[in-house]
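In this note's numbering, the protein residues as written are 417 to 872.
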C-alpha cells in the first residue's frame, strides 16, 4: 500500500484539508491546533477502519486515496457524516463502490472525562458491533493496513482510564492496530517475544536454504560434461579469468565461514596457474619439431580440470545466491541494531541480538551486558519504535508507517538523526510524520516534503 492523498471538509467544524503524500517521506507541520494529529486519527479511522476514531471527530467528508497492488490503480476509502449517521464507502481498483450507513453515537472522550458529556455505553457497543459487521468495513479490513505509532500516547500514558478509553484499547487490539501498551515494559516483553519468533523463523529458513545449496553443489559435482573442445582456446584469457575465479571463490569462502578450505583451494588454483602459464608460454613442438612433453602434460591436466573450473563457476553462483539469501534473512535485525546504535553511541552503549533473539545492552569496551528493561524510558521508547518499524508484519506488507510527534520521546541530538535512522531501518517504507520539531526538519531537502496544515 502507498497513500496518495487525504481530503477532509469541515473537520472540527471549521477545518478543510487537502494533503498530497510523497512516496518516501511526508511531514505534516503546523502550529498547535492546526490538525496534524487529527488528520492522522482520521486516517486511522478510515483505513483500519475504526468506528471509535470516526465518531470522535466532527467532519462532513473525509477521503483517503491509495494504491494497494503492483498495478498502481487507485483505490479510496471515504466517510460522510450528517451529524446523525456515518456513511463509509470503499472504491476498489476497478472503480466498484461499496457503501454502508451506521448511526452516529457521539463519544467525545475529553467531554466525557470533564463530566460535560454522557455516553450510552450499551448503545455504543451495539453500534460498534453493527459497524464491524458491515460488508464495506470487512472489505476495507482485507486491505493491508498501515502501521500507526504514537496516536494514542496521550491516552495510554494516563493511569486513570475511563470505560470509553478501555474500549478504545480493546478495540484497537482486536483490529491489530499498533499502540503503546499500558506500560512500556509490557510492550518490551512483546517486542522480545517478537524477536524470539523471528530468530526461530530465520533459523528454519536458513536450514532450508542450506539444504538447497548442498543439493545444488552435489548435483553439479556429478554432471557429465560433454562436447569438450581443445581447439581455439585463448590460454592467456583463461589465465586472466583464473585470477577472477579465485577472487570470487575466496569471497564466497569468507561469506560461508569455511576459511579452513582456503589453503586447499589456493593450492588448486596455483596448480592450474602453472598449467596455463605452460600452455601460454610454450608451444606443442620443440625446436627439433618433436612433441613437447611439458606442453602435452599441461594440456592433459587442462583437459582433466577445465570442466572442474566450469563447475566451480556454477558453485560460486549458487554460493553467492545462498549468501545473499542468508543476508536478506538477517537484514531486518541488522538494520534494527544499526539504527538503534546510532542513538546509543554517545552514551557508550550498544545493543546486540544474540542467537536466541535476546536483545541485550552492552557497555562499550566491556564484556558486561544489561537487560533492555534497565534502560531509560526514552531509550525503551526508541527500541519499541524501531522494532515495530522493522518487524511489524502488517507494516512489512503495507509499507506505510504513520508516526505522531516522535520528538516527544527524543532529545535534540536524537531528533537530528531520527529520520535517517528510520529510513535505514526500513528503506522501502512510506513514512508520514506529524511534527513541529525543527531538528527533525533541519535538512534543506526536507522543506519540499512538508505539508503545512496551518495554511490549509
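Where is the CB? At the ideal position from N, CA and C, for every residue including glycine.
Sequence-distant residues of its chain with Cβ nearer than 8 Å to residue i (five each side left out)
i           : result
residue 655 : 689, 692, 693, 696
DSSP bridge partner residues for residue i (one or two, in chain order)
i           : result
residue 868 : 445
residue 424 : 433, 478
residue 507 : 492, 513
residue 846 : 816
residue 565 : 819
residue 832 : Note: residue 832 sits in no beta bridge, so no partner.
residue 766 : 778
residue 518 : 502
Buried or exposed by the 16-neighbour rule on C-beta atoms within 10 Å, applied to residue i
i           : result
residue 820 : buried
residue 700 : exposed
residue 452 : buried
residue 738 : buried
residue 709 : exposed
residue 469 : buried
residue 537 : exposed
residue 740 : exposed
residue 793 : exposed
residue 594 : Confidence in residue 594 is poor, its pLDDT being 46 and thus under 50, which makes the residue's placement unreliable; the coordinate value appears in the next sentence. By the 10 Å Cβ count, residue 594 comes out buried.
Three-state secondary structure assigned by DSSP to residue i
i           : result
residue 627 : helix
residue 859 : coil
residue 481 : strand
residue 499 : coil
residue 778 : strand
residue 803 : helix
residue 789 : helix
residue 451 : coil
residue 459 : helix
residue 432 : strand
residue 546 : helix
residue 784 : coil
residue 418 : strand
residue 820 : strand
residue 638 : coil
residue 609 : helix
residue 488 : coil
residue 761 : helix
residue 771 : coil
residue 649 : coil
residue 669 : helix
residue 473 : coil
residue 560 : coil
residue 794 : helix
residue 852 : coil
residue 581 : Only weak support exists for where residue 581 lies, its pLDDT of 46 falling under 50; the value from the coordinates is given anyway. Three-state result, residue 581: helix.
Beta-carbon contacts of residue i that lie in its chain and below 7 Å, excluding the five residues immediately before and after
i           : result
residue 755 : 802, 837, 840, 841
residue 591 : Model confidence at residue 591 stands at a pLDDT of 49, short of 50, so the residue's coordinates are unreliable and nothing is read from them.
residue 429 : 474
residue 895 : The requested residue 895 is not part of the displayed model; the chain covers only 417 to 872.
residue 462 : 478, 480, 493, 495
Neighbour flag for residue i against chain D, beta carbons, 8 Å
i           : result
residue 743 : Of the protein chains in this structure there is only one, and it is not chain D.
Any non-hydrogen atom of the ligand MG closer than 7 Å to residue i Cβ
i           : result
residue 731 : The ligand MG is not part of this structure, which contains no ligands at all.
Contacts around residue i, its chain only, beta-carbon distance under 6 Å, and the 5 residues preceding and following it disregarded
i           : result
residue 786 : 777
residue 432 : 425
Point to revise | Start-end ranges of the beta strand (DSSP E) lying completely within the stretch 701-752, minimum 3 residues | key: none
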